[in-house]
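Inspection log for the structure reproduced underneath, given as structure tokens.
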Amino acid sequence: MLWTDEDRADAWFHALSDRTRRDILRRVLEEEQSVSALARNYPISLTAVQKHVAVLERAGLIIRRRRGRETLTRGDTENLLAAARLLEGLERRGREHVERIDALLDEESSAAHHARTPGPAPEE
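Each residue of the sequence shown is one higher than the last, beginning at 1 in UniProt numbering.
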């Protein structure tokens with residue numbers, strides 16, 4: 001499947017919307033771990049942890065590999081950096097939008113002030 005930037009963003013936000021998945025990602029960014037070792041950290045079943053890992057893998061945030069009978073997971077820093085760049089771009093656009101609104105409000109405030117300021121008194 002070819003992913004557009006929007007598809008990738010949707011997958012990242014979905015994967016990171018869950019507290020357990022964020023914690024799993026944090027752990028596998030620190031060190032590669034087996035799925036069974038990860039599961040020992042949570043009050044949920046191994047199957048539930050496997051499903052969380054699968055969501056993170058589909059989003060491209062972690063990489064799984066087999067070592068014998070174990071499945072090892074590690075964070076995919078390249079894709080995580082791409083997600084961070086996306087968020088930085090969104091933050092930059094949001095900041096620019098707020099700056100434009102501030103400028104418009106300043107113009108409006110200035111125009112309203114000038115409209116209320118009395119001019120010279122008319123001569124008789």
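All residues carry an ideal CB built from backbone N, CA and C; glycine is no exception.
Nothing here was measured: the structure is a model prediction, and the numbers come from that model.
Neighbourhood of residue i by C-beta, 7 Å cutoff - its chain only, sequence neighbours within 5 removed
i    : result
Ala9 : Leu86
Inter-residue spacing [alpha-carbon to alpha-carbon] between residue i and residue j
i      : j      : result
Glu91  : Ala84  : 10 Å
Glu96  : Gly89  : 11 Å
Glu31  : Gly94  : 34 Å
Ala54  : Gly68  : 19 Å
Leu80  : Arg100 : 30 Å
Val98  : Ser17  : 26 Å
Arg45  : Arg19  : According to the sequence displayed, residue 45 carries Ser and not Arg. Their backbone Cα atoms lie some 16 Å apart in a straight line.
Ala37  : Asp7   : 31 Å
Glu108 : Arg116 : 12 Å
Assigned secondary structure, residue i (DSSP; H/G/I helix, E/B strand, else coil)
i     : result
Leu80 : helix
Ser45 : coil
Leu87 : helix
Gly94 : helix
Thr71 : strand
Ser34 : strand
Arg27 : helix
Arg40 : coil
Nonlocal neighbours in the same chain, by C-beta distance under 8 Å from residue i, ignoring five residues either side
i     : result
Arg21 : Ala15, His52, Val55, Leu56
Residues near residue i by beta carbon distance below 6 Å, same chain, minus five either side
i     : result
Arg74 : Val28, Glu32, Ile63
Leu72 : Glu32, Ser34, Arg65
- Query: So does the region 19–28 actually touch the region 59–78, counting three or more Cβ pairs closer than 8 Å?
  - Reply: yes
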